[in-house]
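Participant: The structure under discussion is supplied below as structure tokens; questions concerning it will follow.
Numbering (our numbering), first residue to last: 9 to 316.
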């Protein structure tokens, strides 16, 4: 039994690696996809172009604007006192955010009243707009808390008002909420699944097309041995892909690796078994390699969108 499986493994590896284009397909595209998606797929917003409409012209209004630009999420495009000019810049696509402080901003803060501050964002990209608004709310909340604390230090006498709750939040496992640390593991899993399903989906149908399947069927090899001989090479290739792209993620993108490497390999084996099984099923029901490829792509869309 093991001798027949070994011969199948040798045959599959010879057939897999005798084509130089196959080696390039197994190495270059996964690396390029990890590098491309690692930089392109992100929800963090950096240097959003912003216009400041400061109608108050006081220290407090300038300090609040400086908080925005020192965060790294916003970039100053222009400072003006004309709201129409700021809106014109946004309409032309030169600005995505408008920060507006009306007259009396500092006076309201000094007297303990609520100071009005307006943030206008370009909503053509709803995701970016929501992220920018969350940044603005956080920066404004920090500034407001600092003003309140400074006022209490100057005047320790308690003033009437509703009780407040100080929120202390902390994110575990991704302290800075870097989006690439969320997307990269999913990208790695998708690339490995893509390679394994595509390779396995071509395995049986290629034998059928070139006419060697009938020759294998007349040999003493059993169906279980044939399936093992067909899937084990691609399982080893899949493990190699996992180690390759994971190493790139850890070394190039500083993706933190915490926990047991053995547990990762065991979980990867379970993941690979499903990908190889799906690829083998596609290869069995397909009659041509073109049909197998189209069926594999038909599977990928719902698998990616519905898998979470």
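All residues carry an ideal CB built from backbone N, CA and C; glycine is no exception.
#1: To the nearest whole angstrom, what separates the beta carbons of residue 114 and residue 64, a pair I think is in contact under 8 Å?
#2: Report, in whole angstroms, the separation of the C-beta atoms of residue 59 and residue 85, which I expect to be a contact under 8 Å.
#3: Take residue 42 as the anchor and find which of 297, 315, 302, 259 has the nearest alpha-carbon.
#4: According to DSSP, simplified to helix, strand and coil, what is residue 232?
#5: Would residue 197 pass as a contact of residue 279 if the rule is Cβ separation under 8 Å?
#6: To the nearest angstrom, how far is it from the Cα of residue 73 to the Cα of residue 61?
#7: When the distance is taken between beta carbons, is residue 241 closer than 8 Å to residue 36?
#8: From this set, 255, 226, 195, which residue's C-alpha is nearest residue 269's C-alpha?
#9: Skipping 5 residues on each side, what residues in its chain have a beta carbon closer than 6 Å to that of residue 170?
#10: When you compare only the Cα positions, how much space is there between residue 15 and residue 250?
#11: For residue 195, tell me which candidate among 26, 22, 33, 49 has the shortest Cα-Cα distance.
#12: Answer with buried or exposed for residue 125, where buried requires no fewer than 16 other C-beta atoms within 10 angstroms of its C-beta.
#13: For residue 284, which residues in the same chain have their Cβ closer than 7 Å to its Cβ, ignoring the five residues on either side in sequence?
#14: Here's the rule I'm using: 16 or more other beta-carbon atoms within 10 Å means buried, otherwise exposed. How should residue 22 be labelled?
#15: State the DSSP-derived secondary structure class of residue 5, mapped to helix, strand or coil.
#16: Determine the extent of the beta strand (DSSP E) in which residue 105 is found, giving its start and end residues.
#17: Do you know offhand how far residue 318's Cα is from residue 235's?
#18: Can you tell me where the beta strand (DSSP E) holding residue 349 begins and where it ends?
#19: Going by the beta-carbon positions, is the gap between residue 79 and residue 139 smaller than 8 Å?
#20: Have a look at 306, 193, 294 and flag the residue whose alpha-carbon is nearest the alpha-carbon of residue 266.
#21: In the DSSP assignment, find the unbroken alpha helix (DSSP H) run with residue 292 in it and report its ends.
#22: Taking only three categories from DSSP, how would you classify residue 192?
#23: Provide the residue(s) that pair with residue 87 in DSSP beta bridges, ordered along the chain.
#24: How long is the line joining the alpha carbons of residue 19 and residue 13, rounded to whole angstroms?
#25: With a threshold of 16 other CB atoms inside 10 Å of the CB of residue 160, please say whether the residue is buried or exposed.
#26: In terms of alpha-carbon separation, which member of 38, 262, 307, 246 lies closest to residue 186?
#27: Assuming residue 77 contacts residue 105 (C-beta within less than 8 Å), just tell me the rounded distance between them.
#28: In chain order, what residues of the same chain have a beta carbon less than 7 Å from the beta carbon of residue 9, not counting five sequence neighbours either side?
#29: Hey, how far is the Cα of residue 172 from the Cα of residue 206?
Facilitator: The relevant details are as follows:
#1: The distance from the Cβ of residue 114 to that of residue 64 is about 6 Å, consistent with a contact at the 8 Å cut-off.
#2: Residue 59 to residue 85, Cβ: 5 Å. Contact.
#3: Nearest of 297, 315, 302, 259 to residue 42, Cα basis: 259.
#4: Correct three-state label for residue 232: helix.
#5: Contact: yes.
#6: Cα to Cα, residue 73 sits roughly 10 Å from residue 61.
#7: Contact annotation: residue 36 and residue 241 have beta-carbon atoms that are not nearer than 8 Å.
#8: Of 255, 226, 195, the smallest CA-CA separation from residue 269 is found for 255.
#9: Because the pLDDT of residue 170 is 46, which lies under 50, any placement of that residue in the model is unreliable, and the number read from its coordinates should be weighed accordingly. Closer than 6 Å at the Cβ level, and outside the excluded window around residue 170, lies no residue.
#10: Roughly 26 Å separates the two Cα atoms.
#11: It is 49 whose Cα lies nearest to the Cα of residue 195.
#12: Residue 125 is buried by the Cβ-count criterion.
#13: Shown here for residue 284: same chain residues with a beta carbon closer than 7 Å to its own, the five before and five after excluded, namely 204, 208, 239, 242, 243 in chain order.
#14: Its Cβ having fewer than 16 others within 10 Å, residue 22 is exposed.
#15: A question about residue 5 goes unanswered here, because the residues of the chain that appear run from 9 up to 316.
#16: Element bounds for residue 105: 105–109.
#17: With the chain running from 9 to 316 in the structure shown, residue 318 is simply not present.
#18: Coverage of the chain is limited to positions 9 through 316, which leaves residue 349 absent and any answer about it impossible.
#19: For residue 79 and residue 139, no; Cβs fall outside 8 Å.
#20: Ranking the options by Cα distance to residue 266, first place goes to 193.
#21: Taken as a continuous stretch (DSSP letters only), the alpha helix (DSSP H) holding residue 292 covers 269–293.
#22: Collapsing the DSSP output to three states places residue 192 in a helix.
#23: Paired residues: 60.
#24: Rounded to whole angstroms, residue 19 and residue 13 show a C-alpha spacing of 10 Å.
#25: Counting Cβ neighbours within 10 Å, residue 160 comes out exposed, since fewer than 16 surround it.
#26: Nearest to residue 186 by alpha-carbon distance, out of 38, 262, 307, 246, is 262.
#27: The pair is not a contact, with the Cβ atoms about 11 Å apart (cut-off 8 Å).
#28: Excluding sequence neighbours, residue 9 sits near 233.
#29: Reliability of the predicted coordinates at residue 172 is poor, the pLDDT of 46 falling under 50, and no value is obtained from them.
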